[in-house]
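Chemist: Have a look at the structure that comes next, please.
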Amino acid sequence: MMLTLSMLTAAFVGCLGGDDDEPEPEMVMGCTDAAANNYNPDATMDDESCTYDPMMVMGCIDAAANNYNDAATMDDGSCTYDPTWTLTPADGVSAVWVTSEWDPIIPNLNAGDMCDAILSAMTKTDARDQVVDFTRGYYTSSQGVIGSSGAAAISGIGDLNVAGTTIALQSGTTSDIYANDNLALATIQAYPDFPSVIAAINNGDADYALGDAPVLALEGTLLTTFSDETFGLAIREESDELEDALNVAITALVDGGQYDAIFGDWFDGAVVLTDDRDVNTATAYPIPTEGSTLTGVLESGNLEFCTDPFYPPFENLDADGNAEGFDIDVGDAIAEELAAHYMGAANPDFVPRPPVKIGLLNPMTGPIAVYSPPFTIAAQMAIDDLNAAGGNFELVEADSGCSGDVASGAAQSLVDAGVVGVAGAACSGASMAANAVLHAAGVVQVSYASTSPALSDADAYPGFWRVVPSDAIQGPAMADMVA
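Straight run, no breaks: the sequence shown in my numbering ends on number 501.
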């Protein structure tokens with residue numbers, strides 16, 4: 019019995035005190051989310067290290083698209099874009115002439131509804147350059163003065179700055195500006211248009227008129243000129259592309275010879291054009307962009323010019339109301355240049371005025387061949403002088419041989435070359451033989467050395483002239499001198 023109680027007591031005591039010796043469970047940190055990529059089943063406490071596959075978000079992933087979704091992980095083909103703009107040019111470009119009075123012509127341009135540019139003998143000035151942009155110059159001019167019937171002669175523009183002198187001019191022009199700045203003593207009458215200026219001179223309302231010299235020269239005798247000026251096309255300040263295109267087109271006309279041909283159709287004398295280009299003047303055609311003035315011109319096919327068409331020879335209206343003049347021809351040529359570049363349109367064949375050919379019957383061979391080189395030099399100097407004055411002449415030489423037989427064939431070669439006149443021959447016999455060929459072809463002949471009296475017979479040698487006296491005159495003259 020005692021043994022049994024002892025064993026029960028020991029067992030009871032063992033049960034009560036055995037837990038104090040067992041170790042506590044170890045804490046394991048890690049991802050405890052079974053849905054995570056790095057789930058740790060042994061972890062006893064979450065350490066916020068769980069990672070997951072990214073959630074798939076469908077949408078437009080192109081940042082250039084209108085509906086770009088920066089949260090999208092896969093493109094769903096829903097991207098949308100603004101339509102791509104492309105130039106849709108017309109078949110060609112035509113100059114369209116829009117009539118504007120002079121005073122409001124710049125406001126009309128800047129309003130944006132009437133025209134794309136001004137082409138109207140407008141002088142480039144600093145004041146105008148504040149409100150419009152100008153192309154390179156397309157004409158160099160000067161101011162001039164004409165007088166009414168009975169007006170006193172003047173030696174210079176300053177002579178008009180006298181009390182009692184009445185001066186007519188067109189308002190808003192550089193003449194108006196000059197007169198108000200420099201002719202304060204005179205009475206200035208400003209008219210809204212140029213025809214009124216001329217009417218004032220003709221009816222005696224004014225003593226003198228001021229204006230562009232080429233224009234006044236058509237109305238009366240120029241008494242003096244002053245103030246050299248350069249004309250340019252005016253464009254709106256925001257029309258940079260059009261300005262560049264116009265500059266390139268003008269340069270193409272000048273460099274290609276078409277400008278000289280147009281100038282020769284309206285003015286006498288040599289072409290004088292101030293080259294006022296600078297580093298900012300375009301040398302290559304610009305690429306048109308959406309909404310630009312140039313794009314509007316190319317897509318409509320119309321280049322609209324504001325002009326005051328009562329200013330010949332620059333711009334005027336013919337009997338049918340059509341615009342004509344130097345500026346009109348320049349504007350039409352510019353439009354053709356633009357069409358040729360941007361549309362690939364065939365530019366109407368420009369054929370420069372052919373040179374006027376002058377023949378020279380020169381004794382390159384024969385008994386007086388030694389004089390041939392000086393004759394050539396003299397003839398070429400004359401041609402050069404004519405061309406320097408604005409002409410377009412070409413010298414064509416042929417050997418007269420100081421012989422009738424040789425000269426006859428030479429004359430025919432000159433006729434075949436298209437000469438309109440012949441200088442020569444030197445020897446009288448050669449001139450006589452050549453005359454038969456030249457007169458039959460309607461070619462005038464002027465000899466520089468043939469002195470035979472027989473050549474004075476206009477019936478025998480029609481169309482023959484000479485710049486040296488006949489031997490019939492030289493003989494008695496020499497005898498008188500010797501005596």
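By construction, the Cβ of each residue, glycine as well, lies at the ideal position given by its N, Cα and C atoms.
Around the Cβ of Val163, are there at least 16 other Cβ atoms within 10 angstroms (buried) or fewer (exposed)?
Modeler: As a working mapping, residue 163 is identified with position 145 in the sequence shown. Val163 is buried by the Cβ-count criterion.
Chemist: Please identify the residue among Ile253, Asn221 and Gly275 whose C-alpha is closest to the C-alpha of Gln13.
Modeler: Residue 13 lies beyond the stretch modelled for the chain, which goes from 19 to 501, so this question has no answer here.
Chemist: By Cβ distance below 7 Å, which residues in the same chain neighbour Arg484 in space, the five residues on each side in sequence not counted?
Modeler: Taking the sequence shown and counting its residues from 1, one reaches residue 484 at position 466. Result list for Arg484: Val464, Ser465, Ser468 and Leu473, in chain order.
Chemist: Kindly provide the ranges of any alpha helix (DSSP H) runs that are 4 or more residues long and lie completely inside the segment 403-479, ordered along the chain.
Modeler: Complete alpha helix (DSSP H) runs here, min 4: 422-435 and 446-458.
Chemist: Taking 8 Å as the cut-off, does the segment 125-132 touch the segment 213-232 (at least 3 CB pairs, one atom from each stretch)?
Modeler: Judged by Cβ distances under 8 Å, the segment 213-232 makes no contact with the segment 125-132, as fewer than three pairs qualify.
Chemist: For Gly238, which residues in the same chain have their Cβ closer than 6 Å to its Cβ, ignoring the five residues on either side in sequence?
Modeler: In the sequence shown, counting from the first residue as 1, residue 238 sits at position 220. The residues are Ile164.
Chemist: Look up Ala495 in the DSSP assignment and say whether it is helix, strand or coil.
Modeler: Position 477 of the sequence shown, counting from 1, holds the residue named residue 495. Helix, per DSSP.
Chemist: Closer than 8 Å by C-beta to Leu378: which residues in its own chain qualify, once you throw out the five before and the five after it? Chain order, please.
Modeler: Walking along the sequence shown from the start, residue 378 turns up at place 360. The answer, listed in chain order, is Phe393, Thr394, Ala397, Leu413, Val414, Glu415, Ala416, Val440, Ala441 and Gly442.
Chemist: Decide if the segment 317-329 is in contact with the segment 89-96; the criterion is three or more beta carbon pairs, one per stretch, under 8 Å apart.
Modeler: No, the segment 317-329 is not in contact with the segment 89-96.
Chemist: Please report the distance separating the alpha-carbon of Asp211 from that of Thr191.
Modeler: Residue numbering aside, residue 211 sits at position 193 when the sequence shown is read from its first letter. Residue numbering aside, residue 191 sits at position 173 when the sequence shown is read from its first letter. Each residue's Cα considered, the two are about 10 Å apart.
Chemist: Given this structure, state the Cα-to-Cα distance separating Ala435 from Ile386, to the nearest angstrom.
Modeler: Taking the sequence shown and counting its residues from 1, the one referred to as residue 435 is at position 417. Taking the sequence shown and counting its residues from 1, the one referred to as residue 386 is at position 368. If I take the Cα positions, the gap works out to 25 Å.
Chemist: Where DSSP assigns a beta bridge to Thr192, which residues make up the other side?
Modeler: Here residue 192 refers to the residue found at position 174 when the sequence shown is read from its first residue. Answer is none; Thr192 lacks a bridge partner.
Chemist: When burial is assigned at 16 or more other CB atoms within 10 Å of the CB, is Tyr11 buried or exposed?
Modeler: In the structure as shown, the chain starts at 19 and stops at 501, and residue 11 therefore has no counterpart that could be examined.
Chemist: Would you kindly work out how many angstroms separate the C-alpha atoms of Ser470 and Ser449, rounded to a whole number?
Modeler: As a first step, residue 470 must be located in the sequence shown, where it is residue number 452. As a first step, residue 449 must be located in the sequence shown, where it is residue number 431. Near 10 Å, if we compare the C-alpha coordinates of Ser449 and Ser470.
Chemist: What does the Cβ neighbour count give for Leu201, buried or exposed, with the cut at 16 atoms within 10 Å?
Modeler: Within the sequence shown, the letter at position 183 stands for residue 201. The residue is buried, with at least 16 neighbouring Cβ atoms inside 10 Å.
Chemist: Can you tell which of Thr313, Ser166 and Leu203 has its C-alpha closest to the C-alpha of Leu178?
Modeler: On the sequence shown, residue 178 is found 160 positions in, with the first residue counted as 1. Of the candidates Thr313, Ser166 and Leu203, the one whose C-alpha sits nearest the C-alpha of Leu178 is Leu203.
Chemist: Output the distance between the C-alpha atoms of Gly422 and Thr299, rounded to the nearest integer angstrom.
Modeler: Along the sequence shown, one-based indexing puts residue 422 at 404. Along the sequence shown, one-based indexing puts residue 299 at 281. Cα to Cα, the separation comes out at about 60 Å.
Chemist: Check whether the segment 346-357 and the segment 270-285 are in contact - that is, three or more C-beta pairs closer than 8 Å.
Modeler: Yes, the segment 346-357 touches the segment 270-285.
Chemist: Could you say if the segment 262-270 and the segment 179-187 meet the contact criterion of at least three C-beta pairs nearer than 8 Å?
Modeler: They do not touch, by the three-pair rule.
Chemist: Since Val116 is in the beta strand (DSSP E), which residue starts that stretch and which ends it?
Modeler: Walking along the sequence shown from the start, residue 116 turns up at place 98. Run containing Val116: Ser112 to Thr117, per the beta strand (DSSP E) assignment.
Chemist: For Met45, which residues in the same chain have their Cβ closer than 7 Å to its Cβ, ignoring the five residues on either side in sequence?
Modeler: In the sequence shown, residue 45 corresponds to position 27, counting from 1. So the list reads Thr62 and Met63, once near-sequence residues are dropped.
Chemist: Leaving aside the five residues before and after Ala351 along the sequence, list all residues of the same chain whose C-beta is less than 7 Å from its C-beta, in chain order.
Modeler: Taking the first residue of the sequence shown as position 1, residue 351 is located at position 333. These residues qualify, in order along the chain: Leu271, Gln276 and Ile280.
Chemist: Is there contact between the segment 244-259 and the segment 132-148, where contact requires at least three CB pairs shorter than 8 Å?
Modeler: Yes, the segment 244-259 is in contact with the segment 132-148.
Chemist: Looking only at its chain, what residues have a beta carbon closer than 6 Å to the beta carbon of Gly79, apart from the 5 residues adjacent to it on each side?
Modeler: The residue given as residue 79 occupies position 61 in the sequence shown. According to the sequence displayed, residue 79 carries Ile and not Gly. Excluding residues within five positions, the ones whose Cβ falls inside 6 Å are Ala90 and Asp93.
Chemist: Assign Asp367 to buried or exposed, taking buried as 16 or more other Cβ atoms, counted over all protein chains shown, within 10 Å of its Cβ.
Modeler: The sequence position of residue 367 within the sequence shown is 349, counting from 1. Bear in mind that the predicted position of Asp367 carries a pLDDT of just 44, short of 50, making it too unreliable to give a figure here.
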